[in-house]
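Worksheet: one structure, shown below.
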Amino acid sequence: MSDLILQYEDGNEMVINMGPQHPSTHGVIRFIIRTDGEMIHDAEPDVGYLHRSIEYIGEKCTYEGFMPYTDRVDYVCAMTANHAWASAVEALANLEVPIRGEYLRVISDELNRISSHCIALGAMAMDIGAITPFPYALREREYINDLLEELCGARLTYNYHRIGGVGWDMPQGWRDKVLHFLDRFEPIIEEFNRLITNNVIFVKRLGMMAPISAKDAINYGLVGPNLRASGVDFDVRRDMPYSVYDKFDFEVPIGQGAMGTVGDCWDRFWVRVEEWKQSVSILRQALDQIQETPQGDFWNKPKRLKPKGEAFSRIESARGDMFCYVVGDGTANAYRTRFRTGSFNAMQTIREYSKGLMVADLVALIASFDIVAPEIDR
Amino acid sequence: MQPKDVYTLLQEQVDAETVFDFSEDEISKHEPFCFVKADKLRDVCQVLISNELLAFDFLLCITGVDMLNEDKLLSVYHLFSYQHRHTFVMKVSVPRDAPIIPSVASLWKTANWQEREQYDLLGIQYQGHPELKRLLLPDDWVGHPLRKDYVEEDQYRTMSTTRYSVMGMLSIYDENKPQTEGEKPHIVESKDQ
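As they're listed, the protein sequences go chains A and B.
Just so you know, we're using our numbering here: the first sequence kicks off at 1 and counts up by one.
Just so you know, we're using our numbering here: the second sequence kicks off at 1001 and counts up by one.
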C-alpha cells in the first residue's frame, strides 16, 4: 500500500485515507477512498490489522484447548463462536450433548445475540450522529454482561461452551434473574423504536440508501440479518436446526422495504430490532423448557478426543451464518481449522455498494452491515 | 437432493473423468465429498449453478488444506442452495509445487476475497482472479504461513519476529539445564518464625 495520505490526481479525484484508527470503522480497518468532492468513486478496504492467525493456532492446540481462542474470532458475540467450534468438533467425533447442555447453549447464545445487537444498533445510530440511543443500548448490554458473568465468570470472552456440553450449570436463582431482565427489556425495545427506529431524521437518512437485491446478497455471500434484510427468508436456526432450535416457535423477520426499498440500510437496522423480539421469545421458551431437564447433566466430557475425518458446522451468529470447518488426522490436534464469518463476506461488498455514495454515508453503510473487525481478520 | 444424487447428475452432465472419487462414510456420518479435476472446475461450477435441480447459488466457503504427506494442496468448496436447501462438498487437488486452480470469482462474487485469503495463507494460485494479492498479511511478507513446512523469517522489516524468552533466563524454569547447588531458587524466609 502506498504511504501517501492525501494526494491529488488527474481531474478532480482525490485520494483520502480513512482509518485504520477511525472511530466509526468499528475496529481497525482502513479504507482508501477516491472521491470527487463528497461523492465516492471507489472505497478500497485494506484489512488484516487485527489478524491473529486463529486458524494457525487451531492447528497447534488440542481440540479442547482451542476453545478460549474461538472467543477472539468475534469478541462481541463470543458464545456463538464457541458454539460453532464445539459443534464442528462434535460432528467430527460423533459426540452427543446432554439436553440440558443444549438448552444452556441456546440460552447463552440468545443472550449474547441480544447484547451484540445492542452494540450494533447503538453504534450505528451513534455513527450517524444520534448519540442518545447508544447509552440506552449499552445499559441493557450491561445487564446481560452481569448475567453472563454470573453464568460463566467472564463478561466478554466467555469460554463457556465445551466439547460435549457446557462448562457449568446455571447457578441458583439465575433463571429468575433472566426472566426478570426479559420483562424489563421488552418494553425497552418499544422505547428504542420510538427513540430512533421510526425517527424521521433517521429514516430519511437511511431509507433508500445502498439497497442490495436478494440475488446480489446471495451472490456476495451476505449472511444473517444482512441477507434477511434483502428479503431472503433464511435462518439457520429455523431452516437447518442445530442444537434444540427445532423445539422453539419463532418468526424470522425479513426486510419489507417499509421506509424505501427492500434491502436498504434502514431495513438492515430494523431486522436487528425485530430479532431482539424473537430472541426474547426464544429465551422465554428455553427457560420454560429447561426446567424439565435433569439438573447437573450438562456435559458429556469426551475421554479420548482423537477424531479422524472432516466435518463442518453452521451456526447462526449475531452477524449471520458462521461456518466452521475442521479436519482431523487422528491426533489430539486438528489438522486444519477454518472459520468463515459474516463480517468477512460483508466487508467485500462495501467496495461495490459504496460507489456513488456520499463520504458521510459510507460510515452508515459500514455500520449497517454490523462489521466487527476481528471477525474479518481472525 | 442428496450429495450422492448431485454426484451422479454431475457425472452425467460433465463427464465421469472430471468428477470422480465420491466418498461417503456411513459410520461417521461426515459430509460426503467428491473430487473435481482442476482444469474443468469452471465447467463443473457452471453446471452446479445453472442446472435447475442443483441451483447452488451460495458458496459457503473455500478452504485450502496442505496435504504435506501426499505432496498436494487441496481447495475445498462448500456449496449451498437457498432454493433447495442442500449442501455439496467438492475438492480440487493440485501438486504443491504448481498449485494452479481456475478462479470461480466471476461465478460467485463471494469467492473473490476467499480466494485471496487462501492465496495469502497457503499460496494457491487462482488463475483468472481479478486481483490476486495478499489480503490479511502485508504485501511484502515472505512465505505462506498455513503451509505445513512454513518457517517464519527471523526478521520482518528489521523487526525481530521471535521474542527472547524471559523464562530461559531463569534457570529454575529451564528443564534441560542441570541444577547446581548455587542456582537453586532463592527462598525468602519468613521473619515471623
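We put the beta carbon where it would ideally sit given N, CA and C, even for glycine.
Predicted, not measured: the structure shown is a model, and the values here were computed from it.
In terms of beta-carbon proximity, Ile350 of chain A stays away from the interface with chain B, with every pair separated by 8 Å or more. Secondary structure at Thr35 of chain A: strand, using DSSP grouped into helix, strand and coil.
Under the three-state reduction of DSSP, Asn300 of chain A is assigned to coil, being neither helix nor strand. Contact of His1030 of chain B with chain A by beta-carbon distance below 7 Å involves Gly309, Glu310, Ala311. Cβ contact annotation for Leu1146 of chain B (same chain, cutoff 8 Å, sequence separation greater than five): Gly1064, Asp1066, Leu1121, Leu1122, in chain order. The beta carbon of Tyr1119 of chain B does not come within 8 Å of any beta carbon belonging to chain A, so the residue lies off that interface. Thr341 of chain A is not a Cβ neighbour of Val89 of chain A, given a cutoff of 8 Å. Of all C-beta pairs linking the segment 309-318 of chain A to the segment 82-100 of chain A, three or more are shorter than 8 Å, placing the two stretches in contact. In the DSSP annotation of this structure, the continuous segment of the beta strand (DSSP E) that includes Ile1100 of chain B starts and ends at 1100-1102.
Annotation for Phe1080 of chain B: Phe1058, Leu1060, Thr1087 place their beta carbon closer than 6 Å to its own, counting only its chain and skipping 5 residues before and after. Annotation: Asn1051 of chain B has no Cβ neighbours in chain A at a cutoff of 9 Å; minimum Cβ distance is about 17 Å. Taking Glu102 of chain A as reference, the option from A:Arg139, A:Pro211, A:Tyr160 with the minimal CA-CA separation is A:Tyr160. The closest CA to that of His1144 of chain B, considering only B:Glu1131, B:Ile1124, B:Gln1046, is found on B:Ile1124. Here Thr70 of chain A is buried: its Cβ has 16 or more other Cβ atoms, across all protein chains shown, within 10 Å. Closest option to Pro307 of chain A, judged by alpha-carbon separation, among A:Gly328, A:Gln291, A:Arg228: A:Gly328.
Annotation: His180 of chain A to Leu287 of chain A spans about 12 Å, alpha carbon to alpha carbon. With contact defined as three or more Cβ pairs closer than 8 Å, the segment 269-287 of chain A and the segment 242-259 of chain A are in contact.
Across the segment 1039-1065 of chain B, CB contacts with chain A closer than 8 Å involve Asp1057, Phe1058, Leu1059, Leu1060, Cys1061, Thr1063, Val1065, in sequence order along the chain. Within chain B, the C-beta atoms nearer than 8 Å to that of Phe323 of chain A come from Leu1060, Cys1061, His1078, in chain order.
Taking a beta-carbon distance threshold of 8 Å, Pro1145 of chain B counts as an interface residue toward chain A. Residue pairing of Ala43 of chain A in beta bridges, as defined by DSSP: A:Ile33. Within the segment 217-287 of chain A, complete alpha helix (DSSP H) segments of at least 4 residues are found at 225-229, 236-239, given in chain order.
Relative to the Cα of Ile350 of chain A, the nearest Cα in the group A:Met18, A:Pro45, A:Met14 belongs to A:Pro45. Taking a Cβ-Cβ threshold of 8 Å, the residues of chain B close to Val47 of chain A are Leu1135, Leu1136, in chain order. About 18 Å separates the beta carbon of Asn333 of chain A from that of Gly164 of chain A, a gap too long to meet the 8 Å contact definition. Within the segment 1029-1089 of chain B, the complete beta strand (DSSP E) segments at least 3 residues long are 1033-1036, 1058-1067, 1072-1080, listed from N- to C-terminus. Counting along the chain, Ser313 of chain A sits inside the beta strand (DSSP E) bounded by residues 308-317.
By the criterion of a C-beta distance shorter than 8 Å, Lys1040 of chain B is surrounded in its chain by Val1014, Thr1018, once the five residues flanking it on both sides are discounted. The beta-bridge partner set that DSSP reports for Asp329 of chain A consists of A:Lys308. Remark: C-beta atoms of Met209 of chain A and Cys265 of chain A approach each other more closely than 8 Å. A check of alpha carbon separations from Asn145 of chain A across A:Gly167, A:Ile99, A:Tyr75, A:Met39 identifies A:Tyr75 as the nearest. Put simply, the backbone Cα of Lys1091 of chain B is about 7 Å away from that of Phe1033 of chain B.
In this structure, Arg268 of chain A sits near Ala229 of chain A, with a CB-CB distance shorter than 8 Å. Listed along chain B, the residues sitting closer than 8 Å to Ser53 of chain A by beta-carbon distance are Pro1145. In the three-state DSSP reduction, His26 of chain A falls in the coil class, being neither helix nor strand. Under DSSP, Lys1091 of chain B shares a beta bridge with B:Phe1035, B:Val1076.
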